[in-house]
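Asks: This is the structure, below, for whatever I ask next.
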Amino acid sequence: MGKRISDKFKAWQDTCNQRFYQLKANEEELNRIFIQIYGLQNEISPIVDDKDVSVNKADLNREIKSLISYAVGCMFGRYSLDADGICCAGNPFEDCFTLPQNQKTDIHHERYYLKTIACQNTFDPNQHFGAIADNIIPITDDDYFANDIVHLFTEFIRIAYGQDTLEENLYFIANALGGKGSPWDTLRTYFLNEFYSDHVKIYQKRPIYWLFTSGKKNAFQCLIYMHRYRPDTIARIRTDYVHELQSRYHTAMTTIASHLQSLTGNEAIKRQKQLKQLQDQNAELINFEEKLHHYADQMMPIDLDDGVKTNYAKLNEILAPIK
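Okay, so the sequence shown: first residue is 800 according to our numbering, each after it adds one.
Listed below in structure tokens is the structure:
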């Protein structure tokens, strides 16, 4: 039996409201006591404004974005559906998921950890959600990679909440984000345009997930987890993803140019716009690939002890600016 995120949110909303109004009532009762003690009945009101209560009510948009952030953490291995707390935050990645022999009593945990250590990038429905092996999550404006962030997030929701409620849950998430079109389109738009700014804001301009970006045309973006960065990470981005995307762009441009010869009217105009967009993105990607090549050749290490600001600055030419 699957689980509905809408039901989970309703239960959380009830809990938050109960906590909120209980705390508000407690604060107002304390105010009445002090007003009575000091004889301030004609000068001060015991009523507390909602905005001054020190706990929050549930907010659907905020909670859904928090769920998405947690899902990305599970993709990177920072968190796990099979373990409490932070799993990987600077210690060697393989060690984060190696359990002592006396704790390996659950076959599902065994499969999850073995899967993670074995560096599987694809998902078996009989296994738990495992962290990605190469520490690279592509974000593109179309469905170019089987392991892009929209596919990974969809798989996370399927495993966490069940196959039978997957579509309903994705629609609920998309509606909470305020998007238009299909849930997958809404998610892709959110990851392309908003996720990273939300992440930077939450971490107060010291992001732990870093966004590599080709530029304003959104030709290519990808996330990495700074605690799993390795000197060959940039080379992997370049060879495994950017080169592959360049090939896909070339194929798409050739196909559209060929079809244009037999098209007229609105359809021809539509295809010409698509071709122009691809040409602009391809030009941006060529420039980005050259920058990546430069950094990849340096095999640049980072030192986590130096902090986010210092390490981010080493790669700022190929990373999204922190605003």
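Glycine included, every Cβ here is placed at the ideal spot set by N, Cα and C.
Where DSSP assigns a beta bridge to glutamine 817, which residues make up the other side?
Replies: Answer is none; glutamine 817 lacks a bridge partner.
Asks: Bridge partners for phenylalanine 1011 per DSSP, in chain order?
Replies: Bridge partners of phenylalanine 1011: Cys1021, Leu1118.
Asks: Identify the residues that DSSP records as bridge partners of alanine 857: which are they?
Replies: Partner(s): none; alanine 857 has no beta bridge.
Asks: Count the other C-beta atoms from every protein chain shown that fall within 10 angstroms of the C-beta of glutamine 1009, then say buried if there are 16 or more, exposed otherwise.
Replies: What sits at residue 1009 in the sequence shown is tryptophan, not glutamine. By the 10 Å Cβ count, tryptophan 1009 comes out buried.
Asks: Report buried or exposed for tyrosine 1041, applying the criterion of at least 16 other Cβ atoms within 10 angstroms of its Cβ.
Replies: What sits at residue 1041 in the sequence shown is valine, not tyrosine. Flag for valine 1041 reads buried.
Asks: Using the rule of at least 16 other Cβ atoms within 10 Å of the residue's Cβ for burial, across every protein chain shown, is threonine 939 buried or exposed?
Replies: Buried, since its Cβ has 16 or more Cβ neighbours within 10 Å.
Asks: Throw me the rounded Cβ distance for the phenylalanine 808 and lysine 856 pair, which I believe falls under 8 Å.
Replies: About 12 Å; that fails the 8 Å criterion.
Asks: Report the residue from Asn1081, Val854, Gly978, Ala1034 whose alpha carbon sits nearest the alpha carbon of aspartate 933.
Replies: The residue with the shortest Cα to Cα distance from aspartate 933 is Ala1034.
Asks: Hey, out of Asn816, Tyr1028, Lys823, whose CA is closest to isoleucine 935's CA?
Replies: When only C-alpha atoms are compared, the closest one is Tyr1028.
Asks: Where does alanine 882 sit, in a helix, a strand or coil, going by DSSP?
Replies: Note: alanine 882 maps to strand in three-state DSSP.
Asks: Just to confirm the assignment, what range does the beta strand (DSSP E) spanning isoleucine 1036 have?
Replies: Isoleucine 1036 -> no beta strand (DSSP E), and no H or E assigned at all.
Asks: Would you tell me roughly how many angstroms separate the C-alpha atoms of alanine 1082 and leucine 1022, rounded to the nearest one?
Replies: So the alpha carbons of these two residues sit roughly 21 Å apart.
Asks: Within 10 Å of its beta-carbon, does glutamine 835 have 16 or more other beta-carbons around it, so buried, or fewer, so exposed?
Replies: Exposed, since its Cβ has fewer than 16 Cβ neighbours within 10 Å.
Asks: Would you tell me roughly how many angstroms separate the C-alpha atoms of serine 879 and histidine 1092, rounded to the nearest one?
Replies: Their backbone Cα atoms lie some 33 Å apart in a straight line.
Asks: Going straight from the alpha carbon of tyrosine 1024 to that of glutamine 1060, what length do you get?
Replies: Each residue's alpha carbon lies about 45 Å from the other.
Asks: Would you report the Cα separation of phenylalanine 922 and methionine 874, rounded to the nearest angstrom?
Replies: Note that phenylalanine 922 scores a pLDDT of 40, beneath 50, so its modelled location is shaky and nothing firm can be said.
Asks: Out of Ala975, Thr1012, Arg1005, state which residue places its alpha-carbon closest to the alpha-carbon of lysine 1108.
Replies: Nearest C-alpha to lysine 1108: Arg1005.
Asks: Do alanine 930 and glycine 876 count as a contact pair if the criterion is CB distance below 8 Å?
Replies: Yes, Cβ-Cβ distance for glycine 876 and alanine 930 is below 8 Å.
Asks: How long is the line joining the alpha carbons of proline 982 and glutamate 828, rounded to whole angstroms?
Replies: One C-alpha to the other measures close to 46 Å.
Asks: For aspartate 881, is the classification buried or exposed, using 16 other Cβ atoms within 10 angstroms of its Cβ as the cut-off for buried?
Replies: Flag for aspartate 881 reads buried.
Asks: Go ahead and pull the three-state DSSP assignment for threonine 921.
Replies: Only weak support is given to the placement of threonine 921: the predicted model assigns it a pLDDT of 42, under 50, and the value that follows is read from those uncertain coordinates. Reduced to three states, the DSSP call for threonine 921 is coil.
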